[in-house]
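Novice: Residue numbers (this note's numbering): 7 to 226. For each residue, glycine too, the CB sits at the ideal point set by N, CA and C.
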Amino acid sequence: MSIVNTRDKTINTKVVYYGPGLGGKTTSLKYIHSVLDPEETVRMVSLKTDEERTLFFDFLPIDLGVLGGYKVKIQGFTVPGQVKYNLTRKYVLMGADAVVFVADSSEERRAENIQSLKNLGENLAANGLNIEEIPLVFQFNKRDLADAMPIEDMEADLNAARLPAFATNGLTGEGVFDAFVRVTEAMVDGVAKKYQLESPDGDIAQITRERLRHLTSIPK
Ligand SMILES: Nc1nc2c(ncn2[C@@H]2O[C@H](COP(=O)(O)OP(=O)(O)OP(=O)(O)O)[C@@H](O)[C@H]2O)c(=O)[nH]1
Ligand SMILES: [Mg+2]
């Protein structure tokens, strides 16, 4: 749950990468890390199995600096996608302010995507959160695969609400940061409205988007 400290003007938030096993959640958060912190001054914590599968979660602390007068911090998490780790998924979702759903574009993974989205709704509800209200964006990942499903079919399967969706490639990073910017903007907007935060510099969500966009335009 977002925590806003009006005295020291800090906004603390949590974004969770959710989706079926091997869909590309860890790869996506690693990419976000490489963009926001190319020098790796902050470590991403990965609690994983010997086969490089997420066992508990990945965690990346993100400090966006001062935006519109507020220090904006994001805790980036991934859940373990393997079906058997549902309790952990539920726990990681606790207090989430936004979700990036990373779907696997492979035709073979179609049923797993649908099942994982249903599971997201259930686990959000178990945490007192509503899938229809929380800021949510989709990554249709692994667009490079030969058996990648048409985007329209993935939209029909997963995105009845017509939420923002991004064709992504975790290996090259294509689209991954765009999805992050979109969800962060929506999340900050929600927090600013909820706590009626005002900034003399303008809309905090918009300032956040501009800062993030600026970061990607800085040559590495
Ligand atoms: N071809 C292709 N492979 C990808 C892409 N994104 C990720 N991968 C690969 O898919 C595999 C699984 O990626 P992860 O990021 O570990 O998947 P995950 O969703 O975190 O999986 P769990 O931790 O088990 O839930 C890795 O070998 C990645 O390199 C992509 O866009 N295209
Ligand atoms: Mg993982």
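Within the present structure, is the beta-carbon of T178 separated from the nearest heavy atom of ligand 2 by less than 7 Å?
Specialist: Position 172 of the sequence shown, counted from the first residue, corresponds to residue 178. Not so, every heavy atom of ligand 2 lies at least 7 Å from the Cβ.
Novice: With a threshold of 7 Å (Cβ to nearest heavy atom), would K31 be considered close to ligand 1?
Specialist: For the purposes of this step, residue 31 is taken as residue 25 along the sequence shown, with counting starting at 1. Because some heavy atom of ligand 1 lies under 7 Å away, the Cβ of K31 counts as near it: yes.
Novice: Kindly give me the distance between the Cβ atoms of V22 and V98, rounded to whole angstroms, as I take these residues to be in contact under 8 Å.
Specialist: Mapped onto the sequence shown, residue 22 falls at position 16. Mapped onto the sequence shown, residue 98 falls at position 92. With a Cβ gap of about 6 Å, V22 and V98 count as contacting.
Novice: Would you say the beta carbon of K267 comes nearer than 7 Å to a heavy atom of ligand 1?
Specialist: Residue 267 lies beyond the range of the chain shown here (7 to 226); nothing can be said about it.
Novice: Taking DSSP as the reference, what is the three-state secondary structure of E45?
Specialist: Position 39 of the sequence shown holds residue 45. DSSP places E45 in coil when its eight states are reduced to three.
Novice: Assign T190 to one of two classes, buried (16 or more other C-beta atoms within 10 Å of its C-beta) or exposed (fewer than that).
Specialist: In the sequence shown, the residue the question calls residue 190 occupies position 184. It counts as buried.
Novice: Let's test the definition: count the other Cβ atoms within 10 Å of the Cβ of T174 and tell me whether it reaches 16, buried, or not, exposed.
Specialist: Position 168 of the sequence shown, counted from the start, is the residue given in the question as residue 174. Burial call: buried.
Novice: Roughly how many angstroms separate the alpha carbons of E57 and G25, rounded to a whole number?
Specialist: Within the sequence shown, residue 57 is the residue found at index 51, counting from 1. Within the sequence shown, residue 25 is the residue found at index 19, counting from 1. The straight-line gap from Cα to Cα measures roughly 18 Å.
Novice: Please classify N125 as buried or exposed, where buried requires at least 16 neighbouring CB atoms within 10 angstroms.
Specialist: Counted from its first residue, the sequence shown places residue 125 at position 119. The residue in question, N125, is buried, as its Cβ has 16 or more Cβ neighbours within 10 Å.
Novice: As a quick exercise: from K148, V105, P67, pick the residue whose alpha carbon is nearest that of N18.
Specialist: Translated into positions along the sequence shown, residue 18 becomes position 12. Taking the Cα of N18 as reference, the smallest distance to any Cα among K148, V105, P67 is reached at P67.
Novice: In whole angstroms, what is the alpha-carbon distance linking D2 and G71?
Specialist: Residue 2 lies beyond the range of the chain shown here (7 to 226); nothing can be said about it.
Novice: According to the Cβ coordinates, are K96 and A132 closer than 8 Å?
Specialist: The residue you call residue 96 lines up with position 90 of the sequence shown. The residue you call residue 132 lines up with position 126 of the sequence shown. Contact: yes.
Novice: Measuring alpha carbon to alpha carbon, tell me which of R49, K36, T33, I157 ends up nearest S111.
Specialist: As a position in the sequence shown, residue 111 is number 105, starting the count at 1. For the residues R49, K36, T33, I157, the minimum Cα distance to S111 belongs to I157.
Novice: Identify every run of the beta strand (DSSP E) within the stretch 22 to 95, keeping only runs that are complete inside it and at least 3 residues long; order them along the chain.
Specialist: 51 to 54, 60 to 73, 76 to 84
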